[in-house]
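This report refers to the structure that appears directly beneath it.
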Amino acid sequence: MPSGKTHDAITFLFVAPVFAATWKLTSSFPPALIVTVCFAFGGLMFGPDLDTHSKQYTRWSIFRYLWYPYQAFFKHRSRWSHGLIFGTFLRIVYFMGALTLLSFVPAFALAWHTGGELPNLIEFARLWSAIGEYVRADLGEYAFLYVFAGLWLGAASHTIADIAGSFVKTGRVSEFL
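Take 13 as the starting number for the sequence shown in the working numbering and just add one per residue.
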């Protein structure tokens, strides 16, 4: 398997081609920028190796504890963490859940401490919906699709490099090609 430095180099190598391909497909700068930024973020911070103590994991610095339950639940290189189909989707769902909990717990503690009204999950769901409406109004109807595409491409570059590395190490390069 490639090292963290190799995965980073692959991410940086493909930033310009991802931008150019997205611009060519959409004929628009904002989608190309969104996909490219999310590709870089996906390759450097949000990739499949968050299921282990990795370079991606340590880059989260003080927020890396967010990924500990993810690491405990998913086995390294499982189809759920490294899979091309479900890996990125599951990380997004997990991360959105973690963000919701991280925002809900302090709000709950503050309300409890001050004797105010306790928030409920329906209010948080409305807030996420309002954020989604704002993003779609400001960045376009397909903004979330562009975000997902960029994150997926960043993670896919990592997984494909891992697969290629496995074939090279085992001497089965011709099977990969």
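Don't be surprised by glycine CBs; every beta carbon is placed ideally from N, CA and C.
Selected residue, minimal CA-CA separation from residue i, among the options
{"i": "T48", "options": "T171, S73, F26 and T100", "result": "F26"}
{"i": "L56", "options": "T38, S15 and R89", "result": "S15"}
{"i": "S169", "options": "P60, T34, A123 and H65", "result": "P60"}
Rounded separation between residue i and residue j - CA only
{"i": "H19", "j": "R76", "result": "19 Å"}
{"i": "V159", "j": "A32", "result": "16 Å"}
{"i": "I46", "j": "A142", "result": "20 Å"}
{"i": "A28", "j": "A176", "result": "22 Å"}
{"i": "T64", "j": "I134", "result": "33 Å"}
{"i": "T171", "j": "L102", "result": "15 Å"}
{"i": "V105", "j": "G127", "result": "32 Å"}
{"i": "I74", "j": "S66", "result": "14 Å"}
{"i": "A123", "j": "Q83", "result": "32 Å"}
Residue i, buried or exposed, once every other Cβ within 10 Å from all chains shown has been counted against 16
{"i": "A161", "result": "buried"}
{"i": "F41", "result": "exposed"}
{"i": "R91", "result": "exposed"}
{"i": "F58", "result": "buried"}
{"i": "Y69", "result": "buried"}
Cβ separation of residue i and residue j, assumed to be a contact under 8 Å, to the nearest whole Å
{"i": "G99", "j": "A173", "result": "Contact doesn't hold; Cβ gap of about 14 Å is too wide."}
{"i": "T23", "j": "A44", "result": "In fact, because the Cβ distance is near 17 Å, the residues do not count as touching under 8 Å."}
{"i": "V147", "j": "A155", "result": "5 Å"}
Residue i, DSSP secondary structure in three states
{"i": "L111", "result": "helix"}
{"i": "S178", "result": "helix"}
{"i": "I97", "result": "coil"}
{"i": "L133", "result": "helix"}
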